[in-house]
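Numbers 1478 to 1949, taken from the working numbering, label the letters of the sequence shown in order. Built from N, CA and C at the ideal position, the CB exists for glycine as well. In this text, all values refer to a predicted model and were calculated from it rather than measured experimentally.
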Amino acid sequence: MNGHAYGFLTAGTVDPGALVRVLGEAFEVSGNEVDVAPYGQVEGRNWDAPVTGDHEHFDGGDIACAITVYAGPAVPDPPTDEALGRALARGLGTTVLLDRTSYPSVHLVLTPSGSATFARVEDPEPEDPGAGFRVTATHTGVAAFPRAAVEGLPEVVRDLPLAPRGTDPRLWEWTDLICRMEAGWPPLRWYGIDQYREDLRARDTLAAAAHDAPGLLLPELAALDARFRAVTVEDGGEELGADPSDTAWYWHRRPAVLPWRVLLPADPEGAHWLWEWVGAGFPAYGDLTALDLSGARLTGADFTGTLFTGARLAGTRLLGADFYRCDLQGADLTGAEATGACFVKANLDGAVLRGAVLDGADLAGADLYGTDARGARLRGARILAATLWDTDLRGADLSGAELRENTFKVLLDDGTRVAGLTGTAFGPAQLSSPDGTRAPLAGSALEDWIRARGGDVRVIEPLGPRPLREAG
């Protein structure tokens, strides 16, 4: 009976004592039956222990530690690699990576919260080993790797072919695409539009092959084409930018559910309900209340009227997304990328926009009562007739933004950037000092403060008393 070897990378440093405890719990052995030591240490080891492990720490890069574990033959029913990885992530409180695909650079990512995604990892360069491992891309946003690009990973898709064994090699790509659509786009419910185009080009090649050998291919191809029509819809080539006058009929059809429009979040419940929403055709006035959509990519999505009350959208890519009349009350958009997004008449009361990027966003008529926008970027944003009441703009960047008759009872500090800020606003604001004290900044004093920092805003008197409003 052979033992089982495991290998993991971690985003955070690992405490040896905690590692012993987690391994003991995972393998159901006592602590003195687990031997853990730094990588390369030989002396003083208990090599007879049922479970042994090594840990190696790195100074540079995105990976802090490598862990190897060996469960000897005396350990009955050792956990799977993924089960042990989840136990380590949870017990050590750090993100854990393990190799689960045939592509050495692609790793399964397991977070302490229980979510899972994939990442592309580059090994240290031989000429600069001190630079360490680099996580260059993740399929969904991962807080432990803020510098990684968030993008689809075709390697993960290619690692799970779906065409049945025995499929004619000439029909393989076309069959695999159709099987993937019928199965709901496993394993990630994502498929790149470039991959889809490659499949259609393979179908172009089939057209010529079928012409040369009609008796061999035409019956099978006709059956596959019928299945393709059943899971696609006619769009005149709009989605793919295909000209109907010089492309075949299948270029004028798109999947009923577009798998390249979104990257789902790592949270299983959030991913399920967001996929349901995508599958329903992006319906207006949907309900994504309180879901964890952190790290998802939702570029250009139309969320008109959708409920996001209390939802987590931290680190989400929302470039050009449309949140017209959406309820984002209490939503967490920390670090979200929402350049060019539409928040017209959106409710952002009590939302968290800390570090969010809303450059060029349209916030006309939006409500931001009690919103935490510390460090947010609103360069060139349109903030027209919006309500900024008790809005925290300390450290925010409003360079080049436009104000028009907004309630502007905001909290500013010397880190708030207003160069090029123009328009009109109702005051008064408050200015926060480094010691935490606050002073009112109203009328001409507010104008002078903005002007001294490169802006030009006229502070106007409100037309009448504003009714009291409760937060929440």
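Leaving out five residues before and five after residue i in sequence, what residues of the same chain have Cβ atoms less than 8 Å from its Cβ?
i, result
"residue 1741", "1617, 1665, 1666, 1667, 1747, 1748, 1751, 1752 and 1773"
"residue 1850", "1830, 1831, 1833, 1868, 1869, 1870 and 1873"
"residue 1722", "none"
"residue 1498", "1508 and 1568"
"residue 1610", "1486, 1535, 1538, 1539, 1540, 1598, 1599, 1600 and 1601"
"residue 1694", "1645, 1647, 1648, 1683, 1686 and 1687"
"residue 1501", "1507, 1508, 1510, 1511 and 1528"
"residue 1556", "1503, 1504 and 1564"
"residue 1701", "1648, 1651, 1652 and 1655"
"residue 1570", "1489 and 1589"
"residue 1904", "1885, 1886, 1918, 1919, 1920, 1923 and 1936"
"residue 1836", "1816, 1817, 1854, 1855, 1856, 1857 and 1858"
Assign residue i to buried or exposed, taking buried as 16 or more other Cβ atoms, counted over all protein chains shown, within 10 Å of its Cβ.
i, result
"residue 1516", "exposed"
"residue 1929", "exposed"
"residue 1846", "buried"
"residue 1510", "buried"
"residue 1490", "exposed"
"residue 1812", "buried"
"residue 1521", "exposed"
"residue 1711", "exposed"
"residue 1914", "exposed"
"residue 1918", "buried"
"residue 1934", "buried"
"residue 1650", "buried"
"residue 1519", "exposed"
"residue 1894", "buried"
"residue 1809", "buried"
"residue 1706", "exposed"
"residue 1673", "buried"
"residue 1671", "exposed"
"residue 1663", "exposed"
"residue 1883", "buried"
"residue 1660", "exposed"
State the DSSP-derived secondary structure class of residue i, mapped to helix, strand or coil.
i, result
"residue 1759", "coil"
"residue 1949", "Caution applies to residue 1949, whose pLDDT of 43 falls short of 50 and renders its modelled position unreliable; the value that the coordinates give is listed next. In the structure shown, residue 1949 sits in coil (DSSP, three-state: anything other than H, G, I, E or B)."
"residue 1929", "coil"
"residue 1479", "coil"
"residue 1885", "strand"
"residue 1900", "strand"
"residue 1458", "In this structure the chain extends from 1478 to 1949, so residue 1458 is not present and cannot be described."
"residue 1780", "coil"
"residue 1486", "strand"
"residue 1866", "strand"
"residue 1493", "helix"
"residue 1745", "helix"
"residue 1921", "helix"
"residue 1593", "strand"
"residue 1908", "strand"
"residue 1751", "helix"
"residue 1916", "strand"
Excluding five sequence neighbours on each side, which residues of the same chain lie with their C-beta closer than 7 Å to the C-beta of residue i?
i, result
"residue 1594", "1586, 1615, 1616, 1617, 1619 and 1743"
"residue 1578", "1632, 1633 and 1636"
"residue 1653", "1638, 1639 and 1640"
"residue 1607", "1536 and 1537"
Since residue i and residue j should fall inside the 8 Å C-beta cutoff, what is the C-beta to C-beta distance between them, to a whole number of angstroms?
i, j, result
"residue 1512", "residue 1523", "4 Å"
"residue 1576", "residue 1718", "About 37 Å separates the two Cβ atoms, so there is no contact after all."
"residue 1448", "residue 1861", "For the chain, the structure presents residues 1478 to 1949; residue 1448 sits outside this window and is missing."
"residue 1817", "residue 1784", "With 8 Å as the limit, residue 1817 and residue 1784 do not qualify as a contact, their Cβ atoms being about 23 Å apart."
"residue 1865", "residue 1898", "Residue 1865 to residue 1898, Cβ: 13 Å. No contact."
"residue 1806", "residue 1779", "With a Cβ gap of about 20 Å, residue 1806 and residue 1779 do not count as contacting."
"residue 1896", "residue 1931", "3 Å"
"residue 1479", "residue 1550", "6 Å"
"residue 1794", "residue 1775", "7 Å"
Is any heavy atom of the ligand SAM found at a distance shorter than 7 Å from the C-beta of residue i?
i, result
"residue 1797", "Summarising the ligand content, the structure contains no ligands, and the ligand SAM is consequently not present."
For residue i, which residues of its own chain have a beta-carbon under 6 Å away from its beta-carbon, when the five flanking residues on both sides are left out?
i, result
"residue 1573", "1485, 1487, 1562, 1565, 1566 and 1587"
"residue 1580", "1632"
"residue 1769", "1744, 1747 and 1789"
"residue 1908", "1889, 1916 and 1918"
"residue 1657", "1639"
"residue 1735", "none"
"residue 1756", "1734"
"residue 1533", "1516 and 1543"
"residue 1626", "1614"
- Query: What residue ranges within the segment 1510-1577 form continuous alpha helix (DSSP H) runs of no fewer than 4 residues, ordered along the chain?
  - Reply: 1558-1569
- Task: Starting from the N-terminal side, write out each stretch of the beta strand (DSSP E) that is 3 residues or longer and does not extend beyond the segment 1685-1731.
- Result: 1709-1711
- Message: Please give me, in chain order, every unbroken run of the beta strand (DSSP E) with length at least 3 that falls completely inside the segment 1613-1695.
- Response: none
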